[in-house]
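Under mature numbering (1 follows the signal peptide of the UniProt record, and there is no 0), read the sequence shown as residues -21 to -1, 1 to 287, first letter to last. Encoded as structure tokens, the structure appears first; notes follow it.
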Amino acid sequence: MCLSLLAICDVLSIVCATTHALTGFTSDEWNDGSFCPVYQLSHVLSSLFHSISVLVTMSLALQRFVVCAFPFRGRRICNKKLQIGLITISFILPIGFMSPNLYGLHTLRKVTFSNMDSLGNDSVWYNRSFTDFDIEKRSCSALNNKTLSEETSTDVRDYTAICVSPIMLSGEILQVFLFWRIIFLHIISSITITFCMGFCLLTVRKTKIRKLQSRRVETMLTSHKKKTLLLALVMFSILTGEIPNCIYLTLKMVYGNSHDDIWLLSRTGQTFCELFTANSYLHNVVIYIAMSRQFRREICQQFPCKRK
């Protein structure tokens, strides 16, 4: 159950992150991408599914830790009730921490702005269609004209920010939510997954299959080792994307977005973190296919091959 949910969350994270990237490249008509609802919503959903994926991986790690630590009672402890409880927590925590970022998105609407006199003294107007956001009957505008002077663009951006600020949550509140999100969804999860992965690998190394054992016991031990190694690989692939992302979020919370002198906060550093995270998603999907017999069987039924 947890492994299937992990694969679904990883696929949804890839879809939302791809939508976010494509929207950022193609939304030139928006003066600021932060005012595009699709751009913002896809970013929040990709972060949400990523956080759920991390917590589901932590649930898998804890269950495998219990099974390895208590070989005889572990499977009884990790029953379906415990799995449902862990999955419920894995959904509630990310939704609670990410919900402030969705506040106010439903009020963004694209209309036409006509009062050009208050926006500067530019004489060149190639495009008289503007992007304006009517937020709770307030008039906000963001011009779609690349020939505007820097002074006018600054005035428009400041004017828009003033109109948006009354209905958006303050930066201090968002910082508090970001702090607790980093602590509970990233740092604690990374430490727990790392510890469980190390313990599982240690128990697999100490587990020896003797030839004097019966065929049934030998098959069970072999299956246990194989499943533990594959789950440890899932933990490792999540950590490869989670550790850089955790460092990036911590630096972002401490220094903000305006410190380009810090490499990880630059555009290149963000791309570096995104590539590692996307790579971990693909690894988890491949591992899910390798571990799911039913999935492979259904794929073979859809694409039957003739045997000689």
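Just so it is clear, CB atoms sit at the ideal spot from N, CA and C, and this is done for glycine as well. It should be emphasised that the depicted structure is a prediction, and the values quoted were computed from it without experimental measurement.
Counting the other CB atoms within 10 Å of its CB gives V46 a total of 16 or more, which places it among the buried residues. Between L27 and P79, the C-beta spacing is not below 7 Å.
In this structure the segment 15 to 25 does not lie against the segment 198 to 211, because fewer than three pairs of beta carbons, one per stretch, are closer than 8 Å.
Taking C-beta atoms under 8 Å as the contact rule, W242 and G235 fail to qualify, at a distance of about 15 Å. D(-12) is classed as buried because its beta carbon has at least 16 other beta carbons within 10 Å across all chains shown. If you ignore the 5 residues before and after R54, its C-beta comes within less than 7 Å of the C-beta of V46, all in its own chain and listed in chain order. Each of M214, C57, T250, Q62 was checked against the Cα of T(-4), and the nearest Cα belongs to T250. A211 is the residue among Q42, Q154, A211 whose C-alpha sits nearest the C-alpha of H262. With fewer than 16 neighbouring CB atoms inside 10 Å of its own CB, N58 falls in the exposed class.
By the C-beta density criterion, G177 is exposed, having fewer than 16 other C-beta atoms within 10 angstroms. The three-state secondary structure of I63, taken from DSSP, is helix. Approximately 4 Å separates the beta-carbon atoms of C(-6) and L24; this is inside 8 Å, confirming the contact. A distance below 6 Å between beta-carbons, with the five flanking residues on each side excluded, links M(-21) to the following residues of its chain, in chain order: Q62. One thing to note: N224 has its Cβ within 7 Å of the Cβ of T256.
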